[in-house]
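First up is the structure itself, then whatever we jot down about it.
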Amino acid sequence: MIGILVVAEGANDKRIQNSLIKTLSSVLQISPHRIVIEEMELEDK
Amino acid sequence: MNRKRSVWFLTLFSLVAVVTVFYVSDRPSPFDGIQLFSDDTLDEVGLVETSSTNEESFVSKSNAFEEMRMEVTEKRSQLRDQLTTKVGSNEFTAEQKDEAYNQIEELVKIDSTEAMLELIIKSLGYDDALVRIEESDVFIDVVSNEQSTKKASEIIYQVKREWPEAYNVEVSFDGQ
């Protein structure tokens, strides 16, 4: 596994990004810098 | 019949007397309903801003802290990755590997100390705190409206207790 990309709706909040990175890096045994979080932009906004 | 009439007369007369005295004394009423809703009172009463703006700026401050935390985590995790490959590869001598291993251990120690210090500072009554340890320097940002040397030295004391290698401790208060 080289890296992970996560697209999430609430990811414009940095605290959510951070907690996602922390959780994923512990669960999947991967370094935090290999995880990228992007915000999902909703079309009907 | 006559007595009944005189009682009525007395009652009405006393009522009229009371009302007359009330009007004649002509003192301003303590409660003026119409005055209360006129435009003048609107000018007199200043609108007070609630704390909603404060909260917003706290969130943005906290977000900035979170961003810095992520930056530091990323840097460290890259470094740890490099060190781990160094320990695992065959191209380095035993001494170099040992050094790399010690560095990893140091990183883990710094990480947990930073988290610990943030918790301790928060327990002193601050909304959020960011602690960065760089060798013998410790940089601390705290979200707080008031700043005083007493509060700063309180924080510095806690830091030195938890991280004895702290040589230079800087505390900065970020107002909301």
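Heads up: the sequence lines are chains A and B, in that order. Going letter by letter, the first sequence gives residues 1 to 45 in UniProt numbering. Going letter by letter, the second sequence gives residues 1 to 176 in UniProt numbering. In this text, a Cβ means the ideal position worked out from N, Cα and C, and glycines have one as well. Please read all numbers here as calculations on a predicted model, not as lab measurements.
Would you list the one or two residues that DSSP bridges to residue i?
i: arginine 132/B; result: Phe139/B
i: aspartate 174/B; result: Val143/B
i: leucine 5/A; result: Val36/A
i: valine 169/B; result: Val138/B
Can you tell me the Cα-Cα spacing of residue i and residue j, whole angstroms?
i: serine 172/B; j: aspartate 141/B; result: 5 Å
i: valine 138/B; j: valine 59/B; result: 24 Å
i: glycine 88/B; j: aspartate 98/B; result: 11 Å
i: leucine 117/B; j: alanine 94/B; result: 34 Å
i: lysine 160/B; j: glutamate 135/B; result: 13 Å
i: valine 7/B; j: leucine 15/B; result: 12 Å
i: tyrosine 157/B; j: glutamine 78/B; result: 32 Å
i: arginine 5/B; j: phenylalanine 13/B; result: 12 Å
i: residue 243/B; j: glutamine 17/A; result: What the structure shows of chain B is the stretch from 1 to 176, and residue 243/B is not part of that stretch, so it cannot be assessed.
i: phenylalanine 92/B; j: leucine 28/A; result: 29 Å
i: glutamate 39/A; j: glutamate 74/B; result: 19 Å
i: asparagine 168/B; j: glycine 125/B; result: 23 Å
Only counting the same chain, and skipping five residues up and downstream in sequence, which positions put a Cβ closer than 6 Å to that of residue i?
i: glutamate 43/A; result: none
i: alanine 152/B; result: Val171
i: serine 144/B; result: Tyr126, Phe173
Within its chain, find whatever has a CB closer than 8 Å to the CB of residue i; leave out the 5 residues flanking it on each side and keep chain order.
i: arginine 69/B; result: Leu130
i: proline 32/A; result: Ile21, Lys22, Ser25
i: glutamine 147/B; result: Phe173, Gly175
i: arginine 80/B; result: Ile104, Leu107
Which first and last residues belong to the alpha helix (DSSP H) in which residue i is found?
i: threonine 113/B; result: 94-123
i: phenylalanine 13/B; result: 2-25
i: isoleucine 21/A; result: 14-27
i: alanine 152/B; result: 149-162
Alpha carbons only, please: which of the options is nearest the one belonging to residue i?
i: phenylalanine 65/B; options: Gly3/A, Arg15/A, Met1/A, Val27/A; result: Arg15/A
i: isoleucine 4/A; options: Val36/A, Glu41/A, Met40/A; result: Val36/A
i: glutamate 67/B; options: Asn12/A, Ile30/A, Ile2/A; result: Asn12/A
i: lysine 122/B; options: Asp43/B, Tyr167/B, Ser62/B, Glu165/B; result: Ser62/B
Leaving aside the five residues before and after residue i along the sequence, list all residues of the same chain whose C-beta is less than 7 Å from its C-beta, in chain order.
i: leucine 83/B; result: Ala100, Gln103, Ile104
i: threonine 113/B; result: Ile133, Glu162, Trp163
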